[in-house]
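Trainee: If you use the working numbering, the sequence shown corresponds to residues 53 to 271, in order. I have a structure here, written as structure tokens, and I will follow up with some questions on it.
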Amino acid sequence: MSEQEEVKRPWYATLRHKDWDAIYREGTPPWEANHPNPDLLRVVTERRQELRRCAFLEIGCGTGADAIDLAKQGFQVTAVDSSATAIERARTRAEQVDALLRIVLGDVFSFARHRETFDFVFDIGFYQFIRRTDLKSYLDLLWSVTHPGSYYFTVCGASETALGHPKEPPLVSERELRWEVGRLFEIIEIKPGVLGSPFREEGFPAHACLMRRPVVGKK
Ligand SMILES: C[S@@+](CC[C@H](N)C(=O)[O-])C[C@H]1O[C@@H](n2cnc3c(N)ncnc32)[C@H](O)[C@@H]1O
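Structure (structure tokens):
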């Protein structure tokens with residue numbers, strides 16, 4: 053690869069499993085919004101009555117802004133991340149605001165082997181990364197942590213509205229989203245969303261996609 057081509061590669065092109073913690077240790081990662089994702093807030097607010105007894109799982113919770121906010125709203129939340137630094141920050145944040153939730157340090161693929169299922173599984177910015185290297189394992193994981201009727205919600209960078217910003221998240225088209233995750237889940241809605249970032253005040257344009265695992269025999 054020529055030097056010019058190397059320069060054009062996105063910032064996450066060489067990101068590997070073990071590098072996640074290094075990004076947190078080095079400072080504030082490009083995905084760190086420090087406030088709850090507005091699309092998740094909207095979805096939960098719109099379905100509050102239905103979701104009030106649901107068990108939530110956040111995959112790749114980072115420093116916990118979303119999981120902790122849900123816990124403070126009274127939901128039962130489990131949040132998993134493989135970065136020790138992120139989890140330490142999430143635990144400190146939870147203590148500071150007196151939030152009660154289960155915060156798990158570990159690889160979510162190992163976590164999924166426990167076969168515990170959740171009513172509402174979500175990730176803010178995890179699917180957009182993992183699909184690039186390990187989509188099949190991620191779909192298997194989503195299957196093992198859900199049951200018929202479970203929701204899956206993801207927010208991922210939208211390729212249709214790409215900005216060409218150097219810190220832009222990985223991008224996914226609506227077509228890819230439907231093709232990849234739509235294999236397992238019925239898509240309820242795909243709305244314009246946002247991924248917060250310290251590198252862009254208004255965040256990055258995203259798809260906010262809510263899905264549901266079909267209940268066999270139910271129309
Ligand atoms: C793009 S970040 C999003 C973090 C958080 N959701 C947010 O919006 O700030 C992806 C997160 O997934 C975590 N992660 C990556 N691979 C993982 C794995 N195999 N198991 C658990 N967490 C993982 C990273 O440490 C990182 O915190």
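Here a beta-carbon is modelled for each residue, glycine too, at the ideal position from N, C-alpha and C.
(1) Please classify W231 as buried or exposed, where buried requires at least 16 other C-beta atoms within 10 Å of its C-beta.
(2) Quick check on the DSSP output: the beta strand (DSSP E) that includes V132 runs from which residue to which?
(3) Flag G255 as yes when its Cβ comes closer than 8 Å to any non-hydrogen atom of ligand 1, and as no otherwise.
(4) Have a look at R227 and T213 and give me their C-alpha separation to the nearest angstrom.
(5) Looking at V173 and L109, is the spacing between their C-beta atoms short of 9 Å?
(6) Is F181 near ligand 2, in the sense that its beta carbon is under 8 Å from a heavy atom of that ligand?
(7) Who are the near neighbours of A85 in its chain, counting only those whose CB is closer than 6 Å to its CB and skipping five residues on each side?
(8) Closest to D175 by CA distance: which of Y204, H87, E102, V156 is it?
(9) Please confirm whether G112 and V160 have their CB atoms less than 9 Å apart.
(10) Is any heavy atom in ligand 1 found nearer than 8 Å to the beta carbon of G158?
(11) Between S196 and ligand 1, is there a pair consisting of the residue's CB and a ligand heavy atom that are separated by less than 8 Å?
(12) With C261 and L215 assumed to form a contact (beta carbons below 8 Å), what rounded beta-carbon distance in angstroms separates them?
(13) What are the partner residues of P257, as DSSP defines its beta bridges?
(14) Mind listing, in chain order, the continuous beta strand (DSSP E) runs of no fewer than 3 residues lying wholly within the stretch 117–188?
(15) Which runs of the beta strand (DSSP E) fall wholly inside the stretch 209–236 and span at least 3 residues, in chain order?
(16) In the DSSP assignment, find the beta strand (DSSP E) that holds E110 and state where it starts and stops.
(17) In whole angstroms, what is the alpha-carbon distance linking P81 and A74?
(18) Between the Cα of G116 and the Cα atoms of S211, G79, V149, which residue gives the shortest distance?
(19) When you compare only the Cα positions, how much space is there between T185 and A210?
(20) Cβ-heavy atom distance between V132 and ligand 1 below 8 Å?
Mentor: According to the data block:
(1) Here residue 231 is taken as the residue at index 179 of the sequence shown, counted from 1. Exposed: under 16 other Cβ atoms inside 10 Å.
(2) What you label residue 132 is simply residue 80 of the sequence shown in a count that begins at 1. Note, V132: beta strand (DSSP E), 128–133.
(3) Mapped onto the sequence shown, residue 255 falls at position 203. No, since every heavy atom of ligand 1 falls outside the 8 Å radius drawn around the Cβ of G255.
(4) As a position in the sequence shown, residue 227 is number 175, starting the count at 1. As a position in the sequence shown, residue 213 is number 161, starting the count at 1. Those two C-alpha atoms are separated by around 14 Å.
(5) Numbered from 1 along the sequence shown, position 57 holds the residue referred to as residue 109. Numbered from 1 along the sequence shown, position 121 holds the residue referred to as residue 173. Yes, the pair counts as a contact, with Cβ atoms nearer than the cut-off.
(6) In the structure on display, ligand 2 does not appear, and the ligands it does have are ligand 1.
(7) By one-based count along the sequence shown, residue 85 stands at place 33. Closer than 6 Å at Cβ, skipping near neighbours: G248.
(8) Within the sequence shown, the letter at position 123 stands for residue 175. When each option's Cα is compared against that of D175, the closest is Y204.
(9) Residue numbering aside, residue 112 sits at position 60 when the sequence shown is read from its first letter. Residue numbering aside, residue 160 sits at position 108 when the sequence shown is read from its first letter. Result yes, Cβ atoms of G112 and V160 sit closer than 9 Å.
(10) Locating residue 158 in the sequence shown gives position 106, counting from the first residue. Yes.
(11) Translated into the one-based positions of the sequence shown, residue 196 becomes position 144. Every heavy atom of ligand 1 is 8 Å or more from the Cβ of S196, so no.
(12) On the sequence shown, residue 261 is found 209 positions in, with the first residue counted as 1. On the sequence shown, residue 215 is found 163 positions in, with the first residue counted as 1. Rounded, the Cβ-Cβ distance is 20 Å, inconsistent with contact.
(13) Here residue 257 corresponds to residue number 205 of the sequence shown, with the count starting at 1. Paired residues: V246.
(14) 128–133, 154–157, 172–176
(15) none
(16) Walking along the sequence shown from the start, residue 110 turns up at place 58. Segment 107–111, the beta strand (DSSP E) holding E110.
(17) For the purposes of this step, residue 81 is taken as the residue at position 29 of the sequence shown. For the purposes of this step, residue 74 is taken as the residue at position 22 of the sequence shown. Approximately 10 Å between the Cα atoms of the pair.
(18) Start at 1 with the first residue of the sequence shown, and residue 116 comes out as number 64. Of the listed residues, the one whose Cα sits closest to G116 is V149.
(19) The sequence position of residue 185 within the sequence shown is 133, counting from 1. The sequence position of residue 210 within the sequence shown is 158, counting from 1. Roughly 18 Å between the two C-alpha positions.
(20) Stepping through the sequence shown from its first residue, residue 132 is reached at position 80. Yes.
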